[in-house]
Each structure stands twice: as structure tokens, then as C-alpha cells.
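Below is one structure, written out as C-alpha cells; comments come after it.
Numbering (the numbering used here), first residue to last: 17 to 127.
Right, dumping it as C-alpha cells:
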């Protein structure tokens, strides 16, 4: 099925759209729930204001992204790196530099 230059609201349930391609499409305000997007590729995407919850992002690779104001809460970060540096190591160095002089700090635990 090909949809071109159309403006409609879709309500898609219990469907297999694997292999679909979206190019120059406005999905602002769309809701994705219980969706398998494994192996997908996202390029030149505006995801500002996105909220993701209870998602599996293992193996995710983010390149050339604007993460200004991004926050991570309650996340498992084993093996996570930023520019090739383990996040656990970064947090330990940060905690060490932030501690008062003469106080020992173990550093935040990385989940």
C-alpha cells in the first residue's frame, strides 16, 4: 500500500508493518504502545520533547545527536559509554572531583 500526500489519522492495531518506510512524514503527537521497532533506522529525525518509558534500548547507538537537556532516570547503564568512556568511570571521576577535600567517596553505583 502506498500513501502519498495524504493527511489522515490512522488507528492501526494488531498489524504487521515490518519493512515499512516513512520518508518526509509528520508523526507529531503520535502514540506508539507495545510496538516492536527492533532493527529500525532513524535518520534526520526531530524527537524533541519525546518521552520514552519502559523501553529496551540495549545496543542503541546514537551519533551526531543534540542531547541538550536530556535526562536519564532509573536506567540500567551497564556497559554504556559516552565517546568510548564507560559511564560508570565518568560518574566515579565526577563524584571524586565533587567531594569535599579529605572526604572519601565511592562514587555513584551504575545499574
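Beta carbons are placed, not taken as given, at the ideal position from N, Cα and C, and that holds for glycine.
Query	Result
Three-state secondary structure assigned by DSSP to residue 112	helix
Length of the line joining the Cα atoms of residue 67 and residue 17	30 Å
Inter-residue CB distance, residue 106 and residue 98 (contact presumed, cutoff 8 Å)	6 Å
Pairwise C-alpha distance: residue 115 and residue 81	31 Å
Cα-Cα separation, residue 103 to residue 111	12 Å
CA nearest to the CA of residue 87, picked from 51, 77 and 64	64
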